[in-house]
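Numbering (the UniProt record's numbering), first residue to last: 1 to 190. So the structure is just underneath, and the comments pick up after that.
Written out as structure tokens, the structure reads:
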């Protein structure tokens, strides 16, 4: 891949209720989440991309479909963009989870998520929009910034935000932004 635009899904019912979920079909976007995705679609509509890659989770697929209506591209569902594996805590409220490390809780590790996201990015040629989830996106960004999990705690991946990566140069161009800069527009219009 030459360039990747990592986009978090819009607000979903899991976010509103504080539930961790990897369920493929259970929690869709809220009306606000749909509006967020439309706003992001407006930002992307005059830029050139090869395709859209989506997590198979409903909230990401719904976001991808909204974005596709602005950029007129097909969507490829790729399991490597899926939400974190929460283990036995899948479907639980965040406030119910003990304050321990992911590995101690039987959840998917930071390293595992980083590796699968980078494997996804390296499997495609061109410029792709990748719709995923906050933590997998943060893990991918950490790869390009050479940060570990603890060093990345300040990275905030907001709903429907965009993180542009120059994959060939291994350089983030923006992180968690809701707007596209003129510099990025210039790159993606050519």
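Just so you know, even glycine gets a beta-carbon here, dropped at the ideal spot from N, CA and C.
Give me, in chain order, the residues of the same chain whose beta-carbon lies closer than 6 Å to that of residue 124; leave out the 5 immediate sequence neighbours on both sides. In the chain shown, residue 124 corresponds to position 124, counting from 1. Once the five neighbours on either side are set aside, the close Cβ partners of residue 124 are 1.
Please identify the residue among 49, 25, 92 and 13 whose C-alpha is closest to the C-alpha of residue 34. In the chain shown, the residue the question calls residue 34 occupies position 34. The residue with the shortest Cα to Cα distance from residue 34 is 13.
Any chance you could list the alpha helix (DSSP H) runs of at least 4 consecutive residues sitting entirely within the stretch 49-132, in chain order? Segments of the alpha helix (DSSP H) lying fully in the stretch 49-132: 58-71 and 110-122.
Quick one: what's got a C-beta closer than 6 Å to residue 25's C-beta in the same chain, skipping five residues either side? Working through the chain shown from its first residue, we reach residue 25 at position 25. Once the five neighbours on either side are set aside, the close Cβ partners of residue 25 are 58.
Opening and closing residue of the beta strand (DSSP E) in which residue 8 lies: Position 8 of the chain shown, counted from the first residue, corresponds to residue 8. Per DSSP, residue 8 is one residue of the beta strand (DSSP E) stretching across 3-8.
Where residue 23 falls: helix, strand or coil (DSSP): On the chain shown, position 23 is the one that residue 23 refers to. Here residue 23 sits in coil by DSSP.
With a 10 Å radius around its C-beta and 16 neighbouring C-beta atoms as the bar for buried, classify residue 172 as buried or exposed. Start at 1 with the first residue of the chain shown, and residue 172 comes out as number 172. Looking at its Cβ environment, which holds 16 or more other Cβ atoms inside 10 Å, residue 172 is buried.
Alpha-carbon spacing of residue 121 relative to residue 48, whole angstroms: For the purposes of this step, residue 121 is taken as residue 121 along the chain shown, with counting starting at 1. For the purposes of this step, residue 48 is taken as residue 48 along the chain shown, with counting starting at 1. Their backbone Cα atoms lie some 17 Å apart in a straight line.
DSSP state of residue 147 mapped onto helix, strand, coil: What you label residue 147 is simply residue 147 of the chain shown in a count that begins at 1. DSSP, read as helix, strand or coil, puts residue 147 in coil.
N-terminal and C-terminal residue of the beta strand (DSSP E) that residue 194 is part of: Absent from the model: residue 194. The displayed extent of the chain is 1 to 190, so no value can be given.
Below 8 Å on the Cβ atoms is my guess for residue 178 versus residue 158; work out the distance and round it to an integer in Å. By 1-based counting over the chain shown, the position of residue 178 is 178. By 1-based counting over the chain shown, the position of residue 158 is 158. About 7 Å separates the CB atoms of residue 178 and residue 158; that is less than 8 Å, so the two are in contact.
Reducing DSSP to helix, strand and coil, say where residue 190 ends up. Position 190 of the chain shown, counting from 1, holds the residue named residue 190. Reduced to three states, the DSSP call for residue 190 is coil.
Cutting at 8 Å between CB atoms, please list the residues of its own chain near residue 189, excluding the five before and the five after it. As a working mapping, residue 189 is identified with position 189 in the chain shown. Correct list, in chain order: 46, 47 and 48.
Here's the rule: buried if 16 or more other CB atoms are within 10 angstroms of the residue's CB, otherwise exposed. What is residue 94? Taking the chain shown and counting its residues from 1, the one referred to as residue 94 is at position 94. Classification for residue 94: exposed.
Take residue 61 and list the residues in its own chain whose beta-carbon comes closer than 6 Å to its own, dropping the five residues that flank it on each side. Counted from its first residue, the chain shown places residue 61 at position 61. In the same chain as residue 61, and ignoring 5 residues on each side of it, the C-beta atoms closer than 6 Å to its own belong to 54, in chain order.
Roughly how many angstroms separate the alpha carbons of residue 11 and residue 23, rounded to a whole number? In the chain shown, the residue the question calls residue 11 occupies position 11. In the chain shown, the residue the question calls residue 23 occupies position 23. Separation of residue 11 and residue 23 (C-alpha to C-alpha, rounded to the nearest whole angstrom) is 15 Å.
Report yes or no: do the stretch 63-71 and the stretch 37-44 share at least 3 C-beta pairs separated by less than 8 Å? By the Cβ rule, the stretch 63-71 counts as touching the stretch 37-44, because three or more pairs are nearer than 8 Å.
Could you give the distance in angstroms between the alpha-carbon of residue 133 and the alpha-carbon of residue 160? As a first step, residue 133 is located in the chain shown; it is residue number 133 there, counting from the start. As a first step, residue 160 is located in the chain shown; it is residue number 160 there, counting from the start. Each residue's CA atom was taken as its position, placing residue 133 and residue 160 some 10 Å apart.
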